[in-house]
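Asks: Let me give you the structure first, and then I'll get to my questions.
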Amino acid sequence: METTFIEIMRQALDEEMTRDASVYLIGEDVAAGGAFGVSRGLVDKHGPLRVRNTPISEAAITGLATGAALCGLRPVLEIMFIDFATLAMDCLVNQSAKYRYMSGGQLSVPMVVRTQAGAAGGAAAQHSQSLESWFIHVPGLVVVAPSSPVEAYGLFKSSLRLDDPVLFIEHKRLYAMKEHLPADAAAIPLGRARVAREGSDVTVIAYSAMVRTALEAAQQLAQEGVSVEVIDLRTLAPLDIETLVRSVTKTRRVVIAHEAVECGGVGAEVAARLGAAAFDELDAPIMRVGCPFAPIPFAPELEQALLPGREQIVRAVRELTS
Amino acid sequence: MQRKNDPGERVAAMLRIRRFEEQCILLSKDGQFPGHYHVYIGQEATAVAACAELGTDDFVFSNWRNHGHLLARGAAPDRMMAEILGKAGGYARGKSGTLHMAVRELGVPATSALVGGSLPLATGAALACKRQGRGVVVAFFGDAALEEGACYEAMILASLWKLPILFVCENNSIPPAQRQRGQYTSSTLPAAQLVDVPQALQIRTEAVDGADADALAECFDRLVAEVRSEGTPRFVEVRCTRWPGNFPLWPELPCGQWQLDWAFGQSPDRADLATWLEQSDPLLLYLRKIVAAGGLTREQVQALDERARAEMAGAVRFALDSPFPAPEEAYQHVRAEQGATL
């Protein structure tokens, strides 16, 4: 039976809460399910003490989760939209990310900040952004961006069991995606990318919802005789450069695709790292596909005009192979 | 950790903090460590009174003026001094310096150098205490913390969720005449008094004179017991007056190290220091009172002071002798060890 991203994430949360009594859900309306219903019903099973609604105060609840993590709990904090992570930034950047380091390894901050990113139809400029690149810049934070329900299940389990703060970014457009969760689904190690489709002509590196888009582009290009390898980064910080280099050594051409604004995005870092690690393997300049330098507009026509998709990836690949 | 209500232990605890801070200033003047730092001189009685009420299950959260809090909680002065000097013998092997010193095994998980930064964390620790059914939290912060929004948000959470936390606001720049309750108007908040703010959030408050060690002991004895038994937050504003050595950009020792004789007839020849000692020094005022009452003799105090000086001289030696951390340690502890693949 296939179930949605939301249901599979709920199952992962439920299993981890059952397994580990120190796991706590904290956030705005989490008892009612959170912004998208991921935690719906968990309060009935695990009680209001472990599934806690908070006031609308991202700065304090992020600090609260961090303090609780320092003192023995393993909180899962929901920040409704990554756009609101700006309010949590001081704590995440200056505190959560740094206590292990500043204490010389005495302390750890085992917590997961679940948040939602990406444009999903008419949410406009303050509820549609993809701000992940801000966080990969901060030593001490782990940034995970799953590309499917089954991936989310395994990556979330590893994130929750890690003794470090993890920003776990769920893409809104993936919430309705359905997959069959295998009975033996297990934790997926962090820090390792996945070859989502093997190919030989061009490597397309993507993450989050863009992996699906890249797979669609690869399908289309296969009909034109172009063999595309698609790599799902899974973890944005740390980056698994080895897997990327291995692929590039084979294909010698790279497109990096993400929904986030191209300028200063994760793609810039990947490109720079690949340029340094695999310069001799590359037969062409590294291409990037990302959002143009503009906020996300409301009107669906305008939103579609901005958002990078299959067509942009196909075009980039064709440019590299022509 | 000190025994409650033992005058000798209370005096010893305050003297240890004062002598430690003096050595800090001397080491800084000597160029032994870079960066800015803050000393706790003049506020010793607060940390000593608060930490006397705490046990091993309790947590303390501090700020950049953390030396006194840590010493009162039982931290080793030699390892603290090594940390301040950025040496391998320090609690964080030189990674925290003075600003972020933490000692996990003493329940001091974090000292944040962000104004008000520790309040949300401390509130989270109180949630952990409540969940685990043991311990309370004491959060020390300065008056300026109340200018930060996250502090209100943290107090809202503590009040709403009935968390076992004592917020300790060390309001350390109050004119002596205005330390009594109801007499101080904050220069930085439109509220008539700092305690008005938590009161509006249904947190019970106190204001106490930070130069009065007995008043502090009574206050913290009661408030920590209330937090412990009722499991709800309290807020105490400790009104104290900054020591003159704190006013320059870097702390200074006006008239050199503090002298025991100043408590018993002699006086330094700097007017601002002499006035501060007479009106605002919690250590001096307590010594006079306890010796006059026969609780301690002057000779006993002398012996305690000598012991404190010797201990801090030893801490300085330890710190100076401690090696610097190896350069490659700069890369350690960024992430969890088990995340070796990360």
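In order, the protein sequences belong to chains C and X. Each residue of the first sequence is one higher than the one before, counting from -12 in the numbering used here. Each residue of the second sequence is one higher than the one before, counting from 193 in the numbering used here. All C-beta atoms in this analysis are idealised placements derived from N, C-alpha and C, irrespective of residue type, glycine included. Nothing here was measured: the structure is a model prediction, and the numbers come from that model.
Express the C-alpha separation of residue 328 of chain X and residue 250 of chain X in angstroms, rounding to a whole number.
Replies: Going by the C-alpha atoms only, they are around 5 Å apart.
Asks: In angstroms, rounded to a whole number, what distance separates the CA positions of residue 184 of chain C and residue 145 of chain C?
Replies: Between residue 184 of chain C and residue 145 of chain C, the C-alpha separation is close to 23 Å.
Asks: Considering just the uninterrupted stretch of the alpha helix (DSSP H) at residue 344 of chain X, what are its terminal residues?
Replies: Note, residue 344 of chain X: alpha helix (DSSP H), 341 to 352.
Asks: Looking only at its chain, what residues have a beta carbon closer than 6 Å to the beta carbon of residue 427 of chain X, apart from the 5 residues adjacent to it on each side?
Replies: Contacts found: 359, 390, 395, 397.
Asks: At what residue ranges does the stretch 272 to 360 of chain X contain a whole run of the beta strand (DSSP E), taking only runs of 3 or more?
Replies: Entirely contained in the stretch 272 to 360 of chain X, the beta strand (DSSP E) runs reaching 3 residues are, in chain order, 329 to 334.
Asks: With a cut-off of 8 Å, does the C-beta of residue 250 of chain C fall near any C-beta of chain X?
Replies: Not closer than 8 Å to any Cβ of chain X, the Cβ of residue 250 of chain C fails to qualify, so no.
Asks: What residues from chain X crowd round residue 86 of chain C, counting only those whose CB sits closer than 7 Å?
Replies: Per Cβ cutoff of 7 Å: 302.
Asks: Let me make sure I understand the geometry here. Which of X:404, X:320, X:367, X:279 has the alpha-carbon closest to that of residue 512 of chain X?
Replies: Of X:404, X:320, X:367, X:279, the residue nearest in Cα terms is X:279.
Asks: Given that a residue counts as buried once 16 or more other Cβ atoms are within 10 Å of its Cβ, and exposed if not, what is residue 227 of chain C?
Replies: Counting Cβ neighbours within 10 Å, residue 227 of chain C comes out buried, since at least 16 surround it.
Asks: Check residue 76 of chain C in the structure and name its three-state DSSP category.
Replies: If DSSP states are grouped into helix, strand and coil, residue 76 of chain C belongs with the helices.
Asks: Checking 8 Å against the spacing of the C-beta atoms, do residue 276 of chain C and residue 299 of chain C come in under that value?
Replies: Yes, Cβ-Cβ distance for residue 276 of chain C and residue 299 of chain C is below 8 Å.
Asks: Which residue's Cα is closest to the Cα of residue 197 of chain X: X:514, X:516, X:488?
Replies: Taking only the C-alpha atoms, the option nearest residue 197 of chain X is X:488.
Asks: If distances are taken between C-alpha atoms only, which option among C:268, C:294, C:214, C:-9 comes closest to residue 249 of chain C?
Replies: Per the Cα distances, C:294.
Asks: Between the alpha carbons of residue 265 of chain X and residue 87 of chain C, how many angstroms are there, rounded?
Replies: One C-alpha to the other measures close to 21 Å.
Asks: Does the beta-carbon of residue 527 of chain X have 16 or more other beta-carbons within 10 angstroms, so that it is buried, or is it exposed?
Replies: It is buried - the Cβ of residue 527 of chain X has at least 16 other Cβ atoms within 10 Å.
Asks: Assuming residue 191 of chain C and residue 205 of chain C form a contact by the criterion Cβ under 8 Å, report the distance between their Cβ atoms to the nearest whole angstrom.
Replies: Going by Cβ atoms, the distance from residue 191 of chain C to residue 205 of chain C rounds to 7 Å, so yes, they are a contact pair.
Asks: Kindly indicate which residue of C:83, C:44, C:12 has the alpha-carbon position closest to the one of residue 61 of chain C.
Replies: Of C:83, C:44, C:12, the residue nearest in Cα terms is C:12.
Asks: Quick check on this structure: which residue in X:258, X:416, X:356, X:412 has the alpha carbon closest to the alpha carbon of residue 316 of chain X?
Replies: The candidate whose alpha carbon is nearest that of residue 316 of chain X is X:356.
Asks: Within 8 Å of any Cβ in chain X, is that where the Cβ of residue 65 of chain C sits?
Replies: So, not an interface residue.
Asks: Which chain C residues sit within Cβ distance under 8 Å of residue 312 of chain X?
Replies: Result: 46, 47, 48, 49, 50, 51, 53, 54, 78.
Asks: Taking buried to mean at least 16 other C-beta atoms within 10 Å of its own C-beta, is residue 51 of chain C buried or exposed?
Replies: By the 10 Å Cβ count, residue 51 of chain C comes out buried.
Asks: Would you say residue 149 of chain C faces chain X, with C-beta separation under 8 Å as the test?
Replies: Interface residue, yes.
Asks: Strictly by DSSP, which residues pair up with residue 161 of chain C?
Replies: Beta-bridge pairing links residue 161 of chain C to no other residue.
Asks: DSSP on residue 472 of chain X, reduced to helix/strand/coil?
Replies: Looking at residue 472 of chain X - three-state DSSP - the assignment turns out to be helix.
Asks: Can you list, in chain order, the residues of the stretch 328 to 351 of chain X whose Cβ is nearer than 7 Å to any Cβ on chain C?
Replies: Answer in chain order: 341, 342, 345, 346, 348, 349.
Asks: Which first and last residues belong to the beta strand (DSSP E) in which residue 248 of chain C is found?
Replies: Note, residue 248 of chain C: beta strand (DSSP E), 241 to 248.
Asks: Which same chain residues end up closer than 6 Å to residue 27 of chain C when comparing Cβ atoms and leaving out the 5 residues on each side of it in sequence?
Replies: Answer for residue 27 of chain C: 20, listed in chain order.
Asks: Out of curiosity, what's the CA-to-CA distance linking residue 479 of chain X and residue 402 of chain X?
Replies: If I take the Cα positions, the gap works out to 15 Å.
Asks: Which residues does DSSP pair with residue 184 of chain C in a beta bridge?
Replies: According to DSSP, residue 184 of chain C bridges with C:217.
Asks: Quick check on residue 112 of chain C: buried or exposed, where buried means 16 or more other Cβ atoms within 10 Å of its Cβ?
Replies: The residue is exposed, with fewer than 16 neighbouring Cβ atoms inside 10 Å.
Asks: List the residues of chain C that residue 306 of chain X touches, going by C-beta distances under 9 Å, in chain order.
Replies: Within 9 Å Cβ-Cβ: 77, 78, 81, 82.
Asks: Which bits of chain C does residue 514 of chain X rub up against, with CB to CB less than 7 Å?
Replies: Chain C residues near residue 514 of chain X: none, gap ~13 Å exceeds 7 Å.
Asks: Can you tell which of C:49, C:55, C:131 has its C-alpha closest to the C-alpha of residue 220 of chain C?
Replies: Comparing Cα positions, the closest option is C:131.
Asks: Between which two residues does the alpha helix (DSSP H) containing residue 120 of chain C stretch?
Replies: Element bounds for residue 120 of chain C: 119 to 123.
Asks: Pairs of beta-carbons, one from the stretch 305 to 324 of chain X and one from the stretch 273 to 287 of chain X, closer than 8 Å: are there three or more?
Replies: With a cut-off of 8 Å, the stretch 273 to 287 of chain X and the stretch 305 to 324 of chain X do not count as touching, because too few Cβ pairs lie within range.
Asks: Assuming residue 300 of chain C is part of the alpha helix (DSSP H), what are its boundary residues?
Replies: Taken as a continuous stretch (DSSP letters only), the alpha helix (DSSP H) holding residue 300 of chain C covers 297 to 308.
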